[in-house]
Amino acid sequence: MIAITKVTTGDIMDHAIKRRSFLKLAGLGGAIYVSGLSGWASAAATAGSAYQDFFFVQLSDTHWGFEGAPNPDAHGTLQKAVKAVNSLEQQPDFIVFTGDLTHTTDDPQERRKRLREFKEIVADLKVKDVRFMPGEHDASLDNGAAYQEFFGKTHYSFEHKGVHFIVLDNVSDPAGSIGEAQLAWLAAELQPLPADANIVVFTHRPLFDLYPQWDWATRDGAKAVELLMPHANVTVFYGHIHQEHHHMTGHIAHHAAKSLIFPLPAPGSQPKRTPLAWDDAYPYRGLGYREIEAEAAPKTDFKIVELPLQKG
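Put into C-alpha cells, the structure is as follows:
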C-alpha cells in the first residue's frame, strides 16, 4: 500500500533550496511528503529502461488576469514564481502548470489576451520543457478552444525516464466531466502498460469527491480511478482547490498543489468557498509551488517539497 509520511511542517524561508536538501528541511521548516512507489526501480530494471533520478516542479492556479482582494500583488505573483524557480540551484527536468493559467472572463478577446500574456511571462523560465493543461477558468466557457490556440491539446501523455505521464482534461466540459471519449482514450493508453508500470497523472480538478458542494470533484472521476486501479504504482497531482491536500483512493495517492494567486479554505470549513484574507504580517502566506523528486532505489519514493512564494 502507498503510504504518505509527513516528516516535518512549517514555513520554508529560503525558496532556493538545493534538490538534495530534503533531510535538512527539519532545520529550515518545510514539509516533505513521501508517496511510496515500491515497484519503480525493479520494474525499470526488468524492462531494461534507463531509469534515472529526476525531479520536476509543479505550479498551479496562477489565475493571470485576476485583480483585487485578497491579493494586492495579483500582477506580480506569477513573475515571482518564475524568478523563484529560476533561482533553484539545480533546474528541474521539466515544469508542469496544472490548470487555471488565467482567470475566467466572458470576453473571448480578453481570454486570449490573458493566455498570451501568461505565455509571454512563463517564457522567461530557464527550463524550456514546460507542460501545460487547462483549468475551468481557461476552458469551460468555450470548451477549451482559446486554450488550444496557445497550448495545444488539453489531454495527452509523455514518457520521462521510465515514468508514463498522463494529462487528463476534466475542465473543458462545463459540467466538470472527463467524458466517454477521453475515458476511452485513457483506457487505450493504459492497456499496453504492465501492471507495475510507473504512472503519474496530472489533472486540474480532483478525481475523487473531495467536496462536491464547492465543485471540488469530477463527475466521472471514479471511472478514471477505476481504470487506473489495476496499476500498482499510480500517483495523481492536481490543483483547483488552492491548498496542499493529500488523499488516498485505495493504493493511489492524490496530492493537491497550492495556488499562486490566493489560498482557499479547507473543504467545508466555512459556509462559502471564499478566498482567505491577505495577511499583511505574512504576505504570500498560503501561496507556493512544489518540487517533486523521484529516486531510483530498492524502494523508490516521490519526495514532495512545498515551497512558499516570497517577496522580491
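For the sequence shown, the tail end lands on 1259 under the working numbering, and the numbers increase by one without skipping.
Even glycine gets a Cβ: it sits at the ideal position worked out from N, Cα and C.
Q | Beta-carbon contacts of Lys1258 that lie in its chain and below 6 angstroms, excluding the five residues immediately before and after | A | Here the question's residue 1258 lines up with position 311 in the sequence shown. Excluding residues within five positions, none has a Cβ falling inside 6 angstroms.
(Q) Which residues does DSSP list as the beta-bridge partners of Pro1255? (A) Mapped onto the sequence shown, residue 1255 falls at position 308. DSSP, once it has assigned bridges, lists Gly1235 as partnering Pro1255.
Q.
In the DSSP output, which residue or residues are listed as bridge partners for Arg1078?
A. The sequence position of residue 1078 within the sequence shown is 131, counting from 1. Its beta-bridge partners are Val1043.
Q.
Here's the rule: buried if 16 or more other CB atoms are within 10 angstroms of the residue's CB, otherwise exposed. What is Met1080?
A. The count along the sequence shown starts at 1 and reaches residue 1080 at position 133. Burial call: buried.
Q. Would you report the Cα separation of Ala1169 and Ala1070, rounded to the nearest angstrom?
A. Residue numbering aside, residue 1169 sits at position 222 when the sequence shown is read from its first letter. Residue numbering aside, residue 1070 sits at position 123 when the sequence shown is read from its first letter. Computed Cα separation, rounded: 36 angstroms.
Q. Just to confirm, are Arg1078 and Phe1149 a CB contact at a threshold of 9 angstroms?
A. What you label residue 1078 is simply residue 131 of the sequence shown in a count that begins at 1. What you label residue 1149 is simply residue 202 of the sequence shown in a count that begins at 1. Taking 9 angstroms as the Cβ cut-off, Arg1078 and Phe1149 qualify as a contacting pair.
Q: Measure the alpha-carbon distance for Phe1209 versus Asn1018 and round it to whole angstroms.
A: Translated into positions along the sequence shown, residue 1209 becomes position 262. Translated into positions along the sequence shown, residue 1018 becomes position 71. If I take the Cα positions, the gap works out to 6 angstroms.
Q | Touching by the beta-carbon criterion (3+ pairs, under 8 angstroms), the segment 1188-1200 and the segment 1166-1180 | A | yes
(Q) I'd like to confirm the pairing. Which residues does DSSP put opposite Glu1240 in its beta bridges? (A) Taking the first residue of the sequence shown as position 1, residue 1240 is located at position 293. According to DSSP, which records beta bridges pairwise, Glu1240 is partnered with Phe1002, Lys1250.
Q: Identify which residue in Glu1064, Glu1240, Gln1129 has its Cα closest to the Cα of Asp1000.
A: The sequence position of residue 1000 within the sequence shown is 53, counting from 1. Among Glu1064, Glu1240, Gln1129, the Cα nearest to that of Asp1000 belongs to Glu1240.
Q: Report yes or no: do the segment 1152-1159 and the segment 1126-1141 share at least 3 C-beta pairs separated by less than 8 angstroms?
A: no
Q: Pull up the distance between the alpha-carbon of Thr1221 and that of Pro1141, whole angstroms please.
A: The sequence position of residue 1221 within the sequence shown is 274, counting from 1. The sequence position of residue 1141 within the sequence shown is 194, counting from 1. If you take the alpha carbons of Thr1221 and Pro1141, they lie about 43 angstroms apart.
Q: Tell me, please, which residues DSSP counts as bridged to Asn1180.
A: In the sequence shown, the residue the question calls residue 1180 occupies position 233. BP columns for Asn1180 point to Asn1145.
Q: Kindly indicate the opening and closing residues of the beta strand (DSSP E) around Ala1203.
A: As a working note, residue 1203 is residue 256 in the sequence shown. 1199-1203 is the span of the beta strand (DSSP E), which, as asked, contains Ala1203.
Q: Name the two residues that bound the continuous alpha helix (DSSP H) containing Tyr1094.
A: In the sequence shown, residue 1094 corresponds to position 147, counting from 1. Residues 1092-1098.
Q. Using a Cβ-Cβ cut-off of 7 angstroms (strictly less than) and excluding sequence neighbours within five positions of Gln1026, which residues of its own chain qualify?
A. Translated into the one-based positions of the sequence shown, residue 1026 becomes position 79. Result list for Gln1026: Ile1068, in chain order.
Q: Compare the beta carbon distance of Val1118 and Ala1086 with 9 angstroms and say whether it is the shorter of the two.
A: As a first step, residue 1118 must be located in the sequence shown, where it is residue number 171. As a first step, residue 1086 must be located in the sequence shown, where it is residue number 139. Yes, these two residues count as a Cβ contact at 9 angstroms.
Q: Verify whether the separation of the beta carbon atoms of Ala1164 and Gly1123 is less than 9 angstroms.
A: Taking the first residue of the sequence shown as position 1, residue 1164 is located at position 217. Taking the first residue of the sequence shown as position 1, residue 1123 is located at position 176. Yes, the Cβ-Cβ distance between Ala1164 and Gly1123 is below 9 angstroms.
Q. Taking Phe1155 as the reference, which of Val1147, Ala1144, Asp1143, His1193 has the closest Cα?
A. The residue given as residue 1155 occupies position 208 in the sequence shown. Selected option, being the one with the closest Cα: His1193.
Q. So, using beta-carbon positions, are Phe1098 and Asp1040 closer together than 9 angstroms?
A. To locate residue 1098, count along the sequence shown from 1; it is residue 151. To locate residue 1040, count along the sequence shown from 1; it is residue 93. Contact: no.
Q) Got a sec, what are the start and stop residues for the alpha helix (DSSP H) His1084 sits in? A) Taking the first residue of the sequence shown as position 1, residue 1084 is located at position 137. Looking at the DSSP string, the run of the alpha helix (DSSP H) that includes His1084 is 1083-1086.
Q) Alpha carbon to alpha carbon, what distance is there between Ser1007 and Glu1253? A) In the sequence shown, counting from the first residue as 1, residue 1253 sits at position 306. In the sequence shown, counting from the first residue as 1, residue 1007 sits at position 60. Rounded to the nearest angstrom, the two C-alpha atoms are 12 angstroms apart.
(Q) Measuring straight from C-alpha to C-alpha, what distance separates Thr1024 and Asp1116? (A) Position 77 of the sequence shown, counting from 1, holds the residue named residue 1024. Position 169 of the sequence shown, counting from 1, holds the residue named residue 1116. Cα to Cα, Thr1024 sits roughly 25 angstroms from Asp1116.
(Q) Going by beta-carbon coordinates alone, are Asp1020 and Arg1058 separated by less than 9 angstroms? (A) As a first step, residue 1020 is located in the sequence shown; it is residue number 73 there, counting from the start. As a first step, residue 1058 is located in the sequence shown; it is residue number 111 there, counting from the start. No, these two residues do not count as a Cβ contact at 9 angstroms.
Q: Could you say which of Gly1186, Ala1224, Pro1255, Tyr1236 lies nearest to Asp1047 if we only look at CA atoms?
A: Numbered from its first residue, the sequence shown carries residue 1047 at position 100. Checking every option, the nearest Cα to that of Asp1047 belongs to Gly1186.
Q: Name the residue from Phe1065, Glu1014, Ile1042, Thr1101 whose alpha carbon lies nearest to the alpha carbon of Lys1075.
A: Walking along the sequence shown from the start, residue 1075 turns up at place 128. Measuring from the Cα of Lys1075, the nearest candidate turns out to be Ile1042.
**Q.** Cβ neighbours of Ala1028 in the same chain (closer than 7 angstroms, five flanking residues each side left out)
**A.** Numbered from its first residue, the sequence shown carries residue 1028 at position 81. Answer for Ala1028: Leu1006, Leu1207, Tyr1236, Leu1256, listed in chain order.
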